[in-house]
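**Student:** Right, I'll just put the structure down here and ask away after.
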Amino acid sequence: MREIRIYELDRRDVPTGWFIDRPQTLKVTHGQLWVTVEGEADDLWLHAGESIELQPYSTIWVSASEEGGRFSMASVSAPRKAWLDRAIAWLARRPQSGTRVMAS
1160 MREIRIYELD RRDVPTGWFI DRPQTLKVTH GQLWVTVEGE ADDLWLHAGE
1210 SIELQPYSTI WVSASEEGGR FSMASVSAPR KAWLDRAIAW LARRPQSGTR
1260 VMAS
């Protein structure tokens, strides 16, 4: 499954920060965006139709050169491993240890 979100920046030259939690693609759909990836030496100017691949656990700053700059953020949902699903199900069925009810 692929998740796509579309954003519109309502003020020009005001940077907005994002923490990237999984691999994503930022694609400019309207206008021109200024993108800074923390820890990288160069900033990027992206025009409509251009995109950048973003790595997880990074922070980016985005701003538009004009009001109404739009972009999409797309990510692919990673399928869970079958062993992880089994482990979660097993843990959900386990009785809670360390919890005792004392009758008085």
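For the sequence shown, counting from 1, position 15 maps to 1174 in this note's numbering; every step adds exactly one. Just so it is clear, CB atoms sit at the ideal spot from N, CA and C, and this is done for glycine as well. This one's a predicted model, so the numbers in the text were calculated from it and none came from an experiment.
(1) Only counting the same chain, and skipping five residues up and downstream in sequence, which positions put a Cβ closer than 7 angstroms to that of Q1183?
(2) Looking at F1230: is its Cβ nearer than 7 angstroms to the Cβ of L1203?
(3) Please return the same chain residues whose Cβ sits closer than 6 angstroms to the Cβ of G1190, not counting the five positions on each side in sequence.
(4) Rounded to the nearest angstrom, what separates M1261 and L1250 at their Cα positions?
(5) Out of curiosity, what's the CA-to-CA distance linking G1208 and L1168?
(6) State buried or exposed for V1127, treating a residue as buried only when at least 16 other CB atoms are found within 10 Å of its CB.
(7) Which of the three DSSP states, helix, strand or coil, is assigned to R1229?
(8) Answer with buried or exposed for I1219, where buried requires no fewer than 16 other C-beta atoms within 10 angstroms of its C-beta.
(9) Please return the same chain residues whose Cβ sits closer than 6 angstroms to the Cβ of F1178, not counting the five positions on each side in sequence.
**Tutor:** The short version:
(1) Your numbering for residue 1183 matches position 24 in the sequence shown. Closer than 7 angstroms at the Cβ level, and outside the excluded window around Q1183, lie L1213, M1232, A1233 and S1234.
(2) Locating residue 1230 in the sequence shown gives position 71, where the first residue counts as 1. Locating residue 1203 in the sequence shown gives position 44, where the first residue counts as 1. 7 angstroms or more divides the Cβ of F1230 from the Cβ of L1203.
(3) As a first step, residue 1190 must be located in the sequence shown, where it is residue number 31. Within the same chain, and ignoring the five residues on either side of G1190 in sequence, the residues whose Cβ sits closer than 6 angstroms to its Cβ are A1223, E1225 and G1228.
(4) By 1-based counting over the sequence shown, the position of residue 1261 is 102. By 1-based counting over the sequence shown, the position of residue 1250 is 91. Note that M1261 scores a pLDDT of 42, beneath 50, so its modelled location is shaky; the value from the coordinates is reported in the next line. Distance between the alpha carbons of M1261 and L1250 is about 25 angstroms.
(5) Numbered from 1 along the sequence shown, position 49 holds the residue referred to as residue 1208. Numbered from 1 along the sequence shown, position 9 holds the residue referred to as residue 1168. In this model, G1208 and L1168 are separated by some 16 angstroms (Cα to Cα).
(6) Outside the displayed range of the chain (1160 to 1263) lies residue 1127, so it cannot be described from this structure.
(7) As a first step, residue 1229 is located in the sequence shown; it is residue number 70 there, counting from the start. It is a strand residue.
(8) The count along the sequence shown starts at 1 and reaches residue 1219 at position 60. By the neighbour-count rule (16 or more Cβ atoms within 10 Å), I1219 is buried.
(9) Along the sequence shown, read from residue 1 onward, the residue named residue 1178 stands at position 19. Within the same chain, F1178 has close Cβ partners T1218.
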